[in-house]
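Novice: Right, I'll just put the structure down here and ask away after.
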């Protein structure tokens, strides 16, 4: 430690910066130990230890006692503040044995006699809402109040404050006394936040506070000269899951909600006007003080706030969580780093350049449905432009041999500047290449879909996984045709298609266009059909198949000859949605069952399974007594063969 004592402050700061980057469970003890070495090291280490003090105490290693540690830290930070300036409830919540010195003739009584003022080091103020809650060994909330606290909680003073302050906060069907403890925690948090933050507002770069106290912070917004990040805890009840929407309590809640968020918008607007470009982020979250349901900030309020903040956001994904932050500056925000889209609102491409087109690094797209008609036309055009014969998109900065003894050298910097001024800017796909979408997931898609066909064409060289959970067709149309206009998809390994009210008719050449397909899952609810309409698919050479799951029409048209070419097949599942009504007419039942029996035996022979003929025939002719078929001999490479029970449609080939 003697060597550390002789180091200049600048060198110590570099060492401490390295320590601070470690996890809190490591950095906090190290910084605390350095503060106890000597005055020289302590002066520098304390500025790092108290830079964001509450964040260092929220690591999971101290989950059971973190509330107690936070209260102790809070007590030490408030040592230099006169107790006359601290709310009585907060004094009880911190150290109930210490009372304001009523016999003193001055207002200088404090929580202890410690004279060190560590508040001056705090720059990031993020005060956890669970500070005043006790937790047991299992992490469950355990309330443990002192007699003085209980007297205050159930006293007249706090009850009157509750009735005036949040008379419409909790469910009207509950007695106010049952909510008084939750309100007590709320008061403690609100007053502790203000008591700590008020003396150091000018130095704070981040601040968290409850929205119930928004008016107090609105009055002092001019002191927040360095504030860059704000987090607002929603500790007011705007929605109660216990109350009916028609409940008399709902209207006061709506009015309070409107006023609170109006004040929040005013606070942001005032700060942006006073300190342009300083405030970067404003976020909200439920404070979890009331057991009435989660509270959230309205989307229109988020949108208004984000519009006032500078657009320095460079997202890597788009979802419901950050959409309004993106939408506030949609025309100017940089989307080139977005690689995953989890959600988009309907018709997001209307009125401005396509969002999808600007996401040049997009790999995963998961949306409810295709955003808008023609949403992939840009991708089709880009691919056609690059594949058009005679197009030269090569860079002009390379040296090229153009003939015997002739060399085309790259232009000089002056020539490049001249060309850049005279030549219009080239499209993004010329510089960065095509968008390489690998994963497409749609909750629903209405067929026929020109946009879906466009996606398969535009991203044919990169698509690996496609899933459509609900295929829908036009009204009064039962059949949906799959794969008619698809091009070859050489990278596709997984295809999942599902339809609840339509029959999925696969193109006979579908699997020939998917040479690397491993896991096809195609399901519909087909249970009535005509045998003459069943046309088996072409036996595609798809040697990579490892798991096949077909239900409904896909199972009917499956060609058993494909098993000869599928040496890596591990799981085979062919099934029907239901067994009743899948073959009409009692007279033809025996005849059709005989055909099922003969063809099923052929399929089982392909995969090396030879069941007892009597068992197989009985399962088909007598579905009510059908038993599960167990393969007697394992097929080469086949781990699972779901062939049960046949008459219920688990394995139906006609």
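In my numbering, the protein residues as written are 10 to 663. For glycine and all other residues, C-beta sits at the position ideal for the given N, C-alpha and C.
With a threshold of 8 Å, are at least 3 pairs of Cβ atoms found where one atom belongs to the stretch 320-334 and the other to the stretch 262-271?
Specialist: Touching, no.
Novice: Rounded to a whole number of angstroms, what is the C-alpha to C-alpha distance between residue 6 and residue 197?
Specialist: Residue 6 lies beyond the stretch modelled for the chain, which goes from 10 to 663, so this question has no answer here.
Novice: On the three-pair Cβ rule with 8 Å, is the stretch 228-246 touching the stretch 153-170?
Specialist: With a cut-off of 8 Å on Cβ pairs, the stretch 228-246 is not in contact with the stretch 153-170, counting fewer than three such pairs.
Novice: Pairs of beta-carbons, one from the stretch 536-544 and one from the stretch 476-496, closer than 8 Å: are there three or more?
Specialist: no
Novice: Please report how far the alpha carbon of residue 498 lies from the alpha carbon of residue 329, in whole angstroms.
Specialist: 31 Å
Novice: So, are the CB atoms of residue 103 and residue 83 less than 8 Å apart?
Specialist: yes
Novice: Alpha carbon to alpha carbon, how far is residue 313 from residue 267? Give it in angstroms, no decimals.
Specialist: 14 Å
Novice: I'd like to check one pair, residue 472 with residue 507: are the Cβ atoms closer than 8 Å?
Specialist: no
Novice: In angstroms with no decimal places, state the Cα-to-Cα distance between residue 561 and residue 574.
Specialist: 23 Å
Novice: How many Å lie between residue 549 and residue 391 at the Cα?
Specialist: CA-CA distance, residue 549 to residue 391, rounds to 31 Å.
Novice: Keeping to the same chain, check which residues put their C-beta closer than 6 Å to that of residue 545; ignore five residues upstream and five downstream.
Specialist: Sequence-distant partners of residue 545 (beyond 5 residues in either direction) whose C-beta falls short of 6 Å from its own C-beta, in its chain, are 566 and 568.
Novice: What does a CB cutoff of less than 7 Å around residue 24 pick up in its chain, not counting 5 residues either side in sequence?
Specialist: none
Novice: May I ask which residues mark the beginning and end of the beta strand (DSSP E) holding residue 507?
Specialist: 503-507
Novice: Have a look at residue 386 and residue 461 and give me their C-alpha separation to the nearest angstrom.
Specialist: 11 Å
Novice: So for residue 466, helix, strand or coil by DSSP?
Specialist: helix
Novice: Please state whether the Cβ-Cβ distance between residue 234 and residue 284 is less than 8 Å.
Specialist: yes
Novice: Using the three-state DSSP reduction, which class does residue 21 fall into: helix, strand or coil?
Specialist: helix
Novice: Which class does residue 641 belong to by DSSP, given the choice of helix, strand or coil?
Specialist: Legend: pLDDT at residue 641 = 34, less than 50; position of this residue unreliable, value from coordinates given subsequently. Annotated three-state conformation of residue 641 is coil, per DSSP.
Novice: Would you kindly report the start and end of the unbroken alpha helix (DSSP H) that includes residue 314?
Specialist: 308-317
Novice: Tell me the DSSP bridge mates of residue 240?
Specialist: 217 and 292
Novice: Give the single residue among 490, 469 and 570 whose Cα lies nearest to the Cα of residue 525.
Specialist: 469
Novice: So who's on the other strand from residue 556, going by DSSP bridges?
Specialist: Residue 556 is bridged to 580.
Novice: Between which residues of its own chain and residue 237 is the CB-CB distance below 8 Å, once the five residues before and five after are set aside?
Specialist: 214, 215, 287, 288, 289 and 290
Novice: Any idea which residues DSSP pairs residue 490 with across the strands?
Specialist: According to DSSP, residue 490 bridges with 514.
Novice: Please go through the same chain and pick out, in chain order, the residues whose beta-carbon is closer than 6 Å to the beta-carbon of residue 192, but skip the five residues on each side of it.
Specialist: 171
Novice: Please return the same chain residues whose Cβ sits closer than 8 Å to the Cβ of residue 384, not counting the five positions on each side in sequence.
Specialist: Around residue 384, the same chain offers 358, 363, 365 and 460 as residues with beta carbons nearer than 8 Å, after the five sequence neighbours per side are excluded.
Novice: Would you call residue 296 buried or exposed, if buried means 16 or more other Cβ atoms sit within 10 Å of its Cβ?
Specialist: buried
Novice: Taking the straight line between their C-alpha atoms, what separation do you get for residue 380 and residue 502?
Specialist: 25 Å
Novice: If contact is defined by three or more beta carbon pairs under 8 Å, each pair taking one atom from either stretch, is the stretch 130-142 in contact with the stretch 215-225?
Specialist: yes
Novice: Kindly give me the distance between the Cβ atoms of residue 44 and residue 31, rounded to whole angstroms, as I take these residues to be in contact under 8 Å.
Specialist: Actually they do not touch by this definition, with Cβ atoms about 16 Å apart.
Novice: How long is the line joining the alpha carbons of residue 92 and residue 207, rounded to whole angstroms?
Specialist: In a straight line, the C-alpha of residue 92 is about 14 Å away from that of residue 207.
Novice: Just to confirm before moving on: does the CB-CB distance between residue 372 and residue 447 stay below 8 Å?
Specialist: yes
Novice: Could you say which of 557, 585 and 331 lies nearest to residue 579 if we only look at CA atoms?
Specialist: 557
Novice: If the criterion is Cβ atoms closer than 8 Å, does the pair residue 349 and residue 453 meet it?
Specialist: no
Novice: Would you list the one or two residues that DSSP bridges to residue 454?
Specialist: 480
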